[in-house]
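Residue numbers (UniProt numbering): 1 to 198.
Cβ coordinates follow ideal geometry from the N, Cα and C atoms, glycine included.
No experiment lies behind these values; they were computed from the predicted model shown.
Structure first, commentary second.
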């Protein structure tokens with residue numbers, strides 16, 4: 001199928017076998033025939049010990065896989081907060097877009113991950129930077145984190161993004177402002193206060 005033995009064991013929970021293959025000369029930055037990196041394979045399968053081992057051995061933290069994920073967007077997609085912390089603590093940017101121009105914060109909002117969103121913001125997601133990372137960042141689909149949270153109708157994440165400075169007047173992917181989406185949410189489900197729609 002085009003997988004290297006090292007990729008296969010990184011997708012499992014075989015830390016000792018990964019260690020052994022690396023010791024025997026396995027290249028930790030090699031991309032297999034399916035265009036998968038070892039680090040992203042481990043991040044996607046939520047194996048913290050293997051992620052830590054690969055980081056310790058010098059895995060490229062910025063390499064994308066065949067579907068253009070970065071290790072950070074893969075961790076956000078899988079919902080593993082511990083792996084996300086490991087990646088950030090070892091130098092991965094919370095504002096770096098992946099090859100599909102998705103921001104980690106937008107991916108976390110799309111995944112409705114109520115632990116990762118505040119973590120990304122707390123670890124440096126700049127909520128006011130329009131053309132960099134943060135809640136006003138537009139991804140390749142012209143989606144902002146706030147718009148993604150609106151689409152998922154996740155009130156807790158919407159509220160957090162607004163509280164952290166998410167621009168409700170920013171135009172999102174469908175040319176509608178976040179304020180319009182927010183007011184629709186308020187009208188459909190009156191769980192927000194009137195003050196928030198002003």
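Query                                                                                                                                                                          : Result
Excluding the 5 residues preceding and the 5 following residue 53 in the sequence, name in chain order all residues of the same chain whose CB lies nearer than 8 Å to its CB. : 15, 18, 19 and 22
Going by DSSP, what residue range makes up the alpha helix (DSSP H) through residue 59?                                                                                        : Looking at the DSSP string, residue 59 is not in any alpha helix (DSSP H), and its letter there is neither H nor E.
Using the three-state DSSP reduction, which class does residue 22 fall into: helix, strand or coil?                                                                            : helix
Measure the Cβ-Cβ separation of residue 109 and residue 59 and say whether it is below 7 Å.                                                                                    : no
With DSSP run on the structure shown, which of helix, strand or coil describes residue 48?                                                                                     : helix
Between the alpha carbons of residue 28 and residue 100, how many angstroms are there, rounded?                                                                                : 23 Å
So what does DSSP say about residue 85, is it helix, strand or coil?                                                                                                           : helix
Given a cut-off of 7 Å on the beta-carbon distance, is the pair residue 48 and residue 88 in contact?                                                                          : no
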